[in-house]
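In UniProt numbering, the protein residues as written are 1 to 481.
For glycine and all other residues, C-beta sits at the position ideal for the given N, C-alpha and C.
Below is one structure, written out as structure tokens; comments come after it.
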Amino acid sequence: MATVPVYCICRLPYDVTQFMIECDACKDWFHGSCVGVDEDEAPDIDIYHCPNCEKTDGKSTSKSVCLAYLLQSCTCCPDIVVKLNGSQLTMDYLEEVGFNEPILVLKKDGLGMSMPAPTFYINDVENHVGPDVGVDVIDVTKQTDSKMKLKDFVDYYYSTNRKKVLNIINLEFSDKRMDSIVESPQIVRRLSWVENYWPDDALLGKPKVTKYCLIGVKDSYTDFHIECGGASVWYHVLKGEKIFFLIKPTSANLSLYERWRSSANHTEMFFADQVDKCYKCTLKQGQTLFIPSGWINAVLTPVDTLAFSGHFVHNLSVEMQMRAYEVEKRLKVNCLTPFPNFETACWYVGRHLLERFKGLHKSNKQPAAYLVHGAKIINGAFRAWTKKQALLEHEDELPENMKPTQLIKDLAKEIRISEYVVVSINTMGPHSHHTSQEGDTFCLLETNVLWCEKCKSIPEQQQSTLLRCWRKQVQKYLYPQ
């Protein structure tokens with residue numbers, strides 16, 4: 001009579017009704033109930049060692065741990081991050097240099113930012129936000145999310161036997177008690193469309209994107225992504241450490257990202273392997289990182305970490321924000337950190353730019369070139385969103401009391417004035433020596449033109465002739481037949 005094979009430490013025959021797992025060392029099979037492995041935990045295990053093999057071959061490893069080793073051993077390019085002191089990160093600096101590369105500030109001094117004391121920790125977050133608040137929790141291995149009460153996550157965080165790697169990245173608390181002890185960097189508040197241009201009395205409330213609490217246990221990982229709405233983002237590590245993997249938003253990289261993200265098995269592919277350059281930045285306790293619009297990034301948490309962050313869209317990166325938003329719309333990705341009503345924000349900004357340009361032109365001044373460029377991008381989007389075939393998809397984000405057709409027309413006129421003045425000042429007649437930065441005191445449409453010292457030397461009759469000629473060309477440019 002044939003002997004029936006027996007398995008596991010219990011040495012019982014195979015039972016189809018019981019879950020079993022194979023040891024990668026001895027190749028024997030074990031009942032999950034006998035070795036303390038639940039069936040729903042099995043997909044998270046990369047290498048399993050039974051109790052006997054653990055003594056000689058080491059403990060079992062989870063897939064998240066293997067992923068962490070993969071990232072830490074990733075070959076990355078030399079540092080591209082710009083290092084500044086907090087006091088150096090000003091509006092003047094960004095307007096001159098631009099905000100196209102990540103910026104690392106080693107100490108928060110000079111940033112105009114408020115943070116809790118270093119002794120503030122996870123249980124304090126629970127006390128300031130509320131134990132019963134629902135939070136989105138990411139299962140790192142599966143890269144899936146589920147809902148959990150904050151108090152349950154805190155219990156998991158402090159437990160000594162974490163069977164899964166869970167991560168919180170979108171606990172927005174701007175309407176909670178913790179809001180009073182965390183203040184975003186001053187430069188963020190100065191740049192932010194939401195904080196500066198969104199009316200307090202608008203029917204649609206301001207997007208809640210300004211203050212996030214991030215709680216990650218060791219080996220937490222957020223896969224490569226672009227922030228929704230093409231938002232820029234700031235991070236500050238209060239306790240612990242985060243490692244960022246950063247990829248420039250070139251046209252080629254954005255195309256590769258879109259193709260990778262639309263693949264059904266993208267979580268099984270390491271996106272950094274598909275691009276020419278991936279940059280690595282380690283953010284340590286007390287440091288602050290600013291990531292520009294459109295940058296494709298992944299985040300690894302090598303130790304238990306508490307951090308704060310916030311998203312912001314702004315005038316310095318309008319074109320990239322719009323490109324990233326279009327990628328987001330095509331991918332139809334459910335984002336854990338969405339930027340709700342992004343189009344509404346654009347309408348408010350368009351209205352602001354119109355009034356700003358009018359005021360500058362009336363004062364014989366010109367808006368900065370980046371503002372004019374951004375206004376053109378926004379107005380182009382307005383035209384696309386209000387086309388008959390597209391209006392149904394976009395009209396829900398149109399602010400109340402907004403007249404889109406009139407706004408588009410008026411903004412286009414102010415843009416044309418700025419563009420024509422710049423061209424005229426830089427290329428025509430004796431004014432070729434003028435610059436075109438915001439604040440120039442020369443406007444072709446004003447009766448009382450402010451002639452510079454050099455131009456005052458021109459005979460008065462010739463000045464009048466020159467001015468009539470320029471005005472005629474301006475009218476032709478602004479109101480083409």
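In the DSSP assignment, what residue or residues form a beta bridge with residue i?
i           : result
residue 246 : 279 and 297
residue 172 : 212
residue 29  : 22
residue 146 : 137
residue 221 : 300
residue 311 : 233
residue 290 : 103 and 234
residue 241 : 284
residue 13  : 6
residue 61  : 47
From the options, pick the residue whose C-alpha is nearest to that of residue i; which is it?
i           : options               : result
residue 371 : 340, 334, 85 and 411  : 411
residue 374 : 266, 121, 193 and 141 : 193
residue 54  : 393, 111 and 26       : 26
residue 406 : 369, 350 and 392      : 350
residue 270 : 92, 225, 284 and 248  : 225
residue 343 : 395, 337, 305 and 352 : 395
residue 46  : 339, 34, 113 and 61   : 61
residue 346 : 317, 335 and 337      : 317
residue 279 : 29, 401 and 249       : 249
residue 404 : 420, 385, 389 and 418 : 385
residue 244 : 36, 32 and 80         : 80
residue 156 : 398, 380 and 126      : 126
residue 167 : 390, 213 and 274      : 213
residue 104 : 285, 415, 254 and 174 : 285
residue 314 : 190, 118, 31 and 21   : 190
residue 15  : 23, 9, 122 and 31     : 31
residue 495 : 35, 165 and 331       : With the chain running from 1 to 481 in the structure shown, residue 495 is simply not present.
residue 377 : 388, 323 and 179      : 323
residue 418 : 392, 24, 408 and 360  : 360
residue 333 : 22, 257 and 51        : 257
residue 401 : 139, 204, 7 and 325   : 204
residue 414 : 365, 389, 263 and 289 : 365
Can you tell me whether DSSP reads residue i as helix, strand or coil?
i           : result
residue 236 : strand
residue 404 : helix
residue 362 : helix
residue 263 : coil
residue 55  : helix
residue 180 : helix
residue 357 : helix
residue 113 : coil
residue 84  : strand
residue 46  : strand
residue 227 : coil
residue 197 : helix
residue 164 : coil
residue 35  : helix
residue 254 : helix
residue 316 : helix
residue 7   : strand
residue 418 : helix
residue 344 : helix
residue 331 : helix
residue 336 : coil
residue 398 : coil
residue 306 : strand
residue 270 : coil
residue 324 : helix
residue 203 : coil
residue 413 : helix
residue 151 : helix
residue 132 : coil
Can you round the beta-carbon distance between residue i and residue j to whole angstroms, since I take them to be within the 8 Å contact cut?
i           : j           : result
residue 308 : residue 115 : 7 Å
residue 299 : residue 210 : Rounded, the Cβ-Cβ distance is 19 Å, inconsistent with contact.
residue 312 : residue 188 : 5 Å
residue 170 : residue 337 : 5 Å
residue 202 : residue 399 : 6 Å
residue 240 : residue 305 : 3 Å
residue 216 : residue 301 : 4 Å
residue 184 : residue 113 : 7 Å
residue 231 : residue 339 : 5 Å
residue 176 : residue 135 : That pair is no contact at about 12 Å.
Between which two residues does the alpha helix (DSSP H) containing residue i stretch?
i           : result
residue 375 : 369-385
residue 94  : 91-97
residue 122 : 122-129
residue 186 : 186-191
What span of residues does the beta strand (DSSP E) with residue i cover, start to end?
i           : result
residue 105 : 103-105
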